[in-house]
Amino acid sequence: MQATRLRLMRQALFFLRHYNDIDHIVPVIYKWSRSGFRCTVVLISFSSIARDYRIQFIASLAGVKVLNIQNILTTADQCRFRFLSLALYGHSGRYISHSLYHLFEVFWPVRTRMQFWDKLATFLLKTAFPPDSAGVVVFDWVSQKSTLPIEFVRHVLALSRKQGHISVSLPHGDSPHYNELIRNHEFHVGPQAKYAHSDMFDYIVCPNELCAKRYRPFIDEAKIKILGSPRYNDEWLNVLHRLLPPPVTRKHQQKIYIVFFLRKKEFSLFWDEIQRVIRMVIQFENIRLIIKPHTRDYLQTPLKQILRQIQSSRLEVAQDSEHSASLIASADMIIDVATSVAFEAVKRGIPVLSADYLHAGYSAISHYIPESAMHCRDDIYHAVRSFAENPHRPFYDERHRADFIRHMLDVPDKYVLERYVGLLAGHVQTAKKLAA
Numbered sequence: 001m002q003a004t005r006l007r008l009m010r011q012a013l014f015f016l017r018h019y020n021d022i023d024h025i026v027p028v029i030y031k032w033s034r035s036g037f038r039c040t041v042v043l044i045s046f047s048s049i050a051r052d053y054r055i056q057f058i059a060s061l062a063g064v065k066v067l068n069i070q071n072i073l074t075t076a077d078q079c080r081f082r083f084l085s086l087a088l089y090g091h092s093g094r095y096i097s098h099s100l101y102h103l104f105e106v107f108w109p110v111r112t113r114m115q116f117w118d119k120l121a122t123f124l125l126k127t128a129f130p131p132d133s134a135g136v137v138v139f140d141w142v143s144q145k146s147t148l149p150i151e152f153v154r155h156v157l158a159l160s161r162k163q164g165h166i167s168v169s170l171p172h173g174d175s176p177h178y179n180e181l182i183r184n185h186e187f188h189v190g191p192q193a194k195y196a197h198s199d200m201f202d203y204i205v206c207p208n209e210l211c212a213k214r215y216r217p218f219i220d221e222a223k224i225k226i227l228g229s230p231r232y233n234d235e236w237l238n239v240l241h242r243l244l245p246p247p248v249t250r251k252h253q254q255k256i257y258i259v260f261f262l263r264k265k266e267f268s269l270f271w272d273e274i275q276r277v278i279r280m281v282i283q284f285e286n287i288r289l290i291i292k293p294h295t296r297d298y299l300q301t302p303l304k305q306i307l308r309q310i311q312s313s314r315l316e317v318a319q320d321s322e323h324s325a326s327l328i329a330s331a332d333m334i335i336d337v338a339t340s341v342a343f344e345a346v347k348r349g350i351p352v353l354s355a356d357y358l359h360a361g362y363s364a365i366s367h368y369i370p371e372s373a374m375h376c377r378d379d380i381y382h383a384v385r386s387f388a389e390n391p392h393r394p395f396y397d398e399r400h401r402a403d404f405i406r407h408m409l410d411v412p413d414k415y416v417l418e419r420y421v422g423l424l425a426g427h428v429q430t431a432k433k434l435a436a
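Pasting the structure below:
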């Protein structure tokens, strides 16, 4: 009887809002279900993430209930939620003027917004947790710059805390940059205010130290848990590759496939040199170069201009619907400009050319794996030529690759998902004892 009651107490409410959340939190939901626990997953997005193959997968798992915010809310409340999210995000990101925001405050004052948040939060918590139970409420790394309103998150956490639940913020990324000034608008090294709101959670979980150090200026050290990468651990990668949609059929099977992953436009890329690298790589007869733009910045203007100037049967642009994991599964080599997608390639032993000279950052891959670091066009040329001549020649110094994996992904060992579930379930049990 007591064991049954404890199992019932180990319940969780997960919020997913876009693809980064799916990448990093779905593996934890998978392991949570495999451990015999129950959870409710709320898709709090108005995009098409409900159709994602990983969402379809967790919806089929025992003990997992997936709810779409679009099906929960009335049409009127959907419009309210979307409008409030856009207005508050626009204000925090300074995308709307002060006068326009003042007008918003007149028609939607804090008190009115709180009533709406309270109605929604109460419904979600009641749906996820039985009466008098203690569980865990999980968001991603929500920050001041997030599209999900901080007001709403704070209200959910405050209400859940009154009910005896623990709150945890799970990873949203893996920090592919080793340096700090990584975005176009950043000119000061130091604590970033957008992470100051993280103290509203009971725990912040990070995959590695590069991520954890962002939070230390704002929250107590005991709240920060470094558990490894939920996205790039062996257990999840093995599951993921059984789930991948069928790969795109490509004609030139005899060719060597090199995939070039690009970044969002908020990260500085040196497009003139990127164009030269593309021209150089496709001059090799047995190479086919596949460019994968970032999902949220598909076909940026500079890339469109490059594609108009370069017409070649050895060059293609992957469709936005083609998943990065599928491309990596069929890739022979990767050209990277500090994307975390390349971490999977390193984990699988696929050569990664970390071309830091094509952007203004310093990648974690270059830091830990010197043979991956491309400092100039010559380096890329020689690496591609050598690989084209002998694809079976070892690329990595395995000591360097192991060092990268140890510091960035399997921290401190490969049993990553067990640690995540252990943290969540352990603190659910703690909350139950405190409530008693």
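So the sequence shown is numbered by the UniProt record's numbering: it starts at 1 and just counts up by one. The C-beta atom is built at its ideal place from N, Cα and C for all residues, glycine as well.
For residue i, list the residues DSSP reports as bridge partners.
i	result
Gln163	BP columns for Gln163 are empty, so no partner.
Leu16	Leu43
Met408	Partner(s): none; Met408 has no beta bridge.
Ile334	Val259 and Val352
Ala373	Ser354
Val64	Cys39
Lys223	Bridge partners of Lys223: none, in fact.
Ile380	Per DSSP, none; premise fails for Ile380.
Does residue i come out as helix, strand or coil in the three-state DSSP assignment?
i	result
Ile204	strand
Tyr215	coil
Ser97	coil
Arg10	coil
Ser169	strand
Phe270	coil
Leu423	helix
His359	strand
Leu210	helix
Ala3	Residue placement at Ala3 cannot be trusted, given a pLDDT of 45 that sits under 50; what the coordinates show is reported in the next sentence. Looking at Ala3 - three-state DSSP - the assignment turns out to be helix.
Arg399	helix
Asn71	helix
Ile287	strand
Trp32	helix
Asp118	helix
Ile365	helix
Thr112	helix
Val106	helix
Pro27	helix
Lys414	coil
His197	helix
Ser85	helix
Ser48	coil
Val341	coil
Assuming contact is defined by CB atoms lying nearer than 8 Å, are residue i and residue j in contact in what I supplied?
i	j	result
Phe201	His165	no
Ile58	Tyr30	yes
Ala62	Ser35	no
Gln163	Leu125	yes
Leu43	Leu67	yes
His172	His24	yes
Leu423	Lys223	no
Thr40	Thr127	yes
Leu170	Val136	no
His197	Gln144	yes
Tyr420	Val28	yes
Ala121	His155	yes
Val259	Pro293	no
Asp336	Val352	yes
Ile282	Ile306	no
Phe284	Arg385	yes
Asp320	Thr301	no
Looking only at its own chain, which residues have a Cβ that is under 7 Å from the Cβ of residue i, when we skip the five neighbours before and after it?
i	result
Tyr257	Arg288, Ile290, Ser330, Ala331 and Asp332
Lys415	The identity of residue 415 in the sequence shown is Tyr, whereas the question assumes Lys. Excluding positions up to five away in sequence, the list is empty.
Glu266	Arg183 and Asn184
Pro370	His400
Ser268	Asn184, His359 and Ala360
Ser340	Gly173, Asp174 and Pro176
Ile215	Looking at the sequence shown, residue 215 is not Ile but Tyr. Once the five neighbours on either side are set aside, the close Cβ partners of Tyr215 are Tyr195, Ser198, Ile204 and Ile224.
Asp410	Gly228, Asn233 and Val416
Phe270	Leu358 and His359
Here's a check: name, in chain order, each residue in its chain whose Cβ is nearer than 6 Å to the Cβ of residue i, leaving out the five neighbours to either side.
i	result
Thr4	Caution applies to Thr4, whose pLDDT of 43 falls short of 50 and renders its modelled position unreliable; the model cannot decide the point.
Leu8	At Leu8, the pLDDT of 42 sits below 50, so the modelled position is not reliable; the number obtained from the coordinates is stated separately. Excluding positions up to five away in sequence, the list is empty.
Phe152	Trp117
Ile274	Leu358
His375	Tyr357
Given residue i, which residues of its chain have a CB within under 8 Å of its CB, disregarding the five upstream and five downstream residues?
i	result
Asn286	Gln254, Lys255, Ile256 and Ala388
Phe404	Val346, Ala364, Ile365, Tyr368 and Ile369
Pro245	Tyr53, His323 and Ser326
Asp118	His155 and Leu159
**OP:** Kindly provide the ranges of any beta strand (DSSP E) runs that are 3 or more residues long and lie completely inside the stretch 289 to 330, ordered along the chain.
**Re:** Fully enclosed beta strand (DSSP E) runs of 3 or longer: 315 to 317.
Subject >> Runs of alpha helix (DSSP H) wholly within the stretch 230 to 266 (minimum 4 residues, chain order) >> reply: Whole alpha helix (DSSP H) segments, 4+ residues: 234 to 243.
Original post:
Taking only runs of the beta strand (DSSP E) that begin and end inside the stretch 121 to 195, which ones reach a length of at least 3 residues, in chain order?
Top reply: Counting only runs of 3 or more residues that sit fully inside the stretch 121 to 195, the beta strand (DSSP E) segments are 136 to 139 and 166 to 169, in chain order.
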